Amino acid sequence: MSLWSRMKRIGKRRYVTVNFRDLKWVKKPNHGGYGYTYSWDLPDQPAPGMWVEVEGNDRIATAVIDEVDVKPQPGATIKPVLRVITQHELDEAREAATNREKLVEAGLPIWLDMMRAKAGLPVDRELPPKPPTGWPDIPPRKGSVIGQPAYDRGKVWMRAHHRAVELNRMEDAVIFEQIAQEWYARGRKRKKS
């Protein structure tokens, strides 16, 4: 920014657009999308990607700055950014997110074995009654539903296919993909009126 443009800005109010994001998604802030405009009255310099706290519709919320020095809509009520989220808070959120990811990933082999059992393949261990934390319920191998419910079941089987490929469980991957495709075919069917 040139000296002239900095001098012109002195005394002018600054505005930023933010996207609401929960701190649990600190590792994947997902910038972009529809931004909400807030005024910037803090001493820190705003920057895209900076985490802040703002007043949402019904509570104080965390958000990520998407754009800086935007022009607000004429006549809009603009609330101020309340504060910048500290590095310590971001580090704690990242650590919690990493711990959640580890917990979920630790359950992957069990979840794949549960999918394998539902597909009618042999499993060499006792399986829990419910999927591990962070994993979806096990959909049936076959069924009579059509439309979106069938498509949703196919998505779970396809997710199992992709994760089985990552772990080089190719027998599972082939079967899971076949089941997913069967569900997708049912998902394309519509009820007859």
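In terms of UniProt numbering, the sequence shown opens at residue 1 and continues consecutively.
Don't be surprised by glycine CBs; every beta carbon is placed ideally from N, CA and C.
Because the structure is a prediction, the values reported are computed rather than measured.
Per DSSP, residue i is paired with what?
i      : result
Trp-40 : Arg-14
Phe-20 : Ala-63
Val-68 : Val-16
Val-52 : Ala-63 and Val-84
Distance, Cα to Cα, residue i vs residue j?
i       : j       : result
Arg-14  : Tyr-36  : 14 angstroms
Lys-155 : Trp-183 : 8 angstroms
Ser-21  : Asp-137 : It should be pointed out that residue 21 corresponds to Arg in this sequence rather than to Ser. Approximately 26 angstroms between the Cα atoms of the pair.
Ala-164 : His-88  : 37 angstroms
Leu-127 : Pro-139 : 15 angstroms
Met-158 : Gly-120 : 16 angstroms
Gln-178 : Lys-79  : 52 angstroms
Val-18  : Glu-95  : 24 angstroms
Leu-42  : Ala-63  : 15 angstroms
Arg-190 : Lys-142 : 17 angstroms
Leu-90  : Leu-23  : 8 angstroms
Look up residue i in the DSSP assignment and say whether it is helix, strand or coil.
i      : result
Pro-80 : strand
Asn-57 : coil
Ala-93 : helix
**Prompt:** Is the number of C-beta pairs between the stretch 71-89 and the stretch 46-59 that are closer than 8 angstroms three or more?
**Reply:** Judged by Cβ distances under 8 angstroms, the stretch 71-89 makes contact with the stretch 46-59, as three or more pairs qualify.
**Prompt:** Are three or more beta carbon pairs between the stretch 111-123 and the stretch 142-152 nearer than 8 angstroms?
**Reply:** no
**Cβ contact (3+ pairs, closer than 8 angstroms) linking the stretch 122-137 and the stretch 99-108** = yes
**Inside the stretch 107-192 only - alpha helix (DSSP H) runs reaching at least 4 residues** = 108-118, 148-166 and 170-188
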